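Written out below as structure tokens is the structure these notes cover.
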Amino acid sequence: MVESRTIFVTGASRGLGAALVAGLVAEGHRVAGCARDAGSMDELAERHGGEHRFEACDVADEASVAGWAASAIGALGAPDLLVCNAGVINDEAPLWEVDETAFAHLLAVNVAGVQRVIRHVLPAMLDAGHGVVVNLSSGWGRSVSPGVAPYCASKWAIEGMTRALATELPDGLAAVPLNPGVIDTDMLRTVWGDGASGYRTAEEWARSAVPFILGLGPADNGQPLTVPG
Numbered sequence: 003m004v005e006s007r008t009i010f011v012t013g014a015s016r017g018l019g020a021a022l023v024a025g026l027v028a029e030g031h032r033v034a035g036c037a038r039d040a041g042s043m044d045e046l047a048e049r050h051g052g053e054h055r056f057e058a059c060d061v062a063d064e065a066s067v068a069g070w071a072a073s074a075i076g077a078l079g080a081p082d083l084l085v086c087n088a089g090v091i092n093d094e095a096p097l098w099e100v101d102e103t104a105f106a107h108l109l110a111v112n113v114a115g116v117q118r119v120i121r122h123v124l125p126a127m128l129d130a131g132h133g134v135v136v137n138l139s140s141g142w143g144r145s146v147s148p149g150v151a152p153y154c155a156s157k158w159a160i161e162g163m164t165r166a167l168a169t170e171l172p173d174g175l176a177a178v179p180l181n182p183g184v185i186d187t188d189m190l191r192t193v194w195g196d197g198a199s200g201y202r203t204a205e206e207w208a209r210s211a212v213p214f215i216l217g218l219g220p221a222d223n224g225q226p227l228t229v230p231g
């Protein structure tokens with residue numbers, strides 16, 4: 003029998019987040035998920051029920067993250083695993099044509115949003131003396147492509163921020179920047195259109211991602227990893 007763990011997942015309403023949640027729940031773990039859309043969180047709560055918690059939260063908003071973290075930790079305790087998955091991508095365009103507001107919002111979600119979640123959740127993990135922080139990166143966090151410079155910038159930042167965090171953690175904890183690989187998601191389709199259809203679906207991806215992520219531990223601290231397959 004699998005030992006049940008407590009796992010927090012941001013960006014849980016669709017794509018990789020929703021697939022992760024479904025896979026983790028199916029494996030018997032307790033999940034606290036969040037996303038901006040309250041309706042989708044209500045649907046997940048109704049679908050999974052039990053001791054899981056799904057609440058609306060905008061990672062770009064300080065008060066929203068503080069409230070969600072306090073509620074989730076209060077109900078389930080410190081997570082054994084925190085997966086920062088929430089993210090957005092820019093409409094494909096040369097960097098000099100990207101609107102200032104759109105650029106700022108992308109960084110507020112993809113970079114500041116991750117730090118915000120860590121700031122409100124990690125102290126409970128430190129008190130517990132164990133846990134793994136997994137920050138979803140991208141192949142575009144280790145390479146570049148035209149038209150997605152803001153997204154590349156944000157994921158390169160996640161790589162550096164996570165590896166720096168890893169040097170600050172005490173024994174027993176770990177932080178890992180994780181490239182999920184190329185997956186057919188709504189986000190990828192905003193850039194590649196139907197070209198994304200040649201890749202794995204989020205549900206197919208989760209079959210390998212769930213056991214891989216659950217297998218991460220202190221020995222992986224600071225290692226830039228990629229989901230197999």
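Residues in the sequence shown are numbered consecutively from 3, following our numbering. Glycine included, every Cβ here is placed at the ideal spot set by N, Cα and C. Because the structure is a prediction, the values reported are computed rather than measured.
Residue i - DSSP class collapsed to helix/strand/coil
i	result
R118	helix
L83	strand
R49	helix
E57	strand
T218	The amino acid at residue 218 is misidentified as Thr; the sequence shows Leu. Note: L218 maps to coil in three-state DSSP.
G41	helix
A130	helix
R32	strand
R144	coil
V212	helix
V100	coil
V11	strand
Distance between beta carbons of residue j and residue i, contact taken as under 8 angstroms
i	j	result
A34	A74	4 angstroms
A88	V111	6 angstroms
I185	W207	5 angstroms
E57	C36	6 angstroms
S156	L108	6 angstroms
P125	D173	P125 to D173, Cβ: 17 angstroms. No contact.
L218	V134	5 angstroms
V136	L175	12 angstroms between Cβ atoms; not a contact.
T12	V119	6 angstroms
A21	E205	5 angstroms
Range of the contiguous beta strand (DSSP E) that encloses residue i
i	result
P179	175-181
A88	Unbroken run through A88: none, as it is neither H nor E.
L138	133-138
Residue span of the alpha helix (DSSP H) that contains residue i, given as start and end
i	result
R165	151-170
V23	17-28
V67	64-78
Residue i Cβ short of 7 angstroms to the ligand PLP heavy atom set
i	result
L18	The ligand PLP is not among the ligands present in this structure, which contains no ligands whatsoever.
- [ ] Determine, using beta-carbon pairs with one atom in the region 163-182 and one in the region 91-101, whether at least three such pairs fall under 8 angstroms.
- [x] no
- [ ] Could you tell me whether the region 100-111 touches the region 140-150, where touching means 3 or more Cβ pairs closer than 8 angstroms?
- [x] no
Task: Stretch-stretch touch, CB-based, cutoff 8 angstroms, three pairs: the region 109-124 with the region 41-53 - done: no
Task: Three or more C-beta pairs below 8 angstroms linking the region 166-173 and the region 205-215 - done: no
Open item on the list: Does the region 128-135 come into contact with the region 58-70, if we say contact requires no fewer than three beta-carbon pairs (one atom in each stretch) closer than 8 angstroms?
Closed with: no
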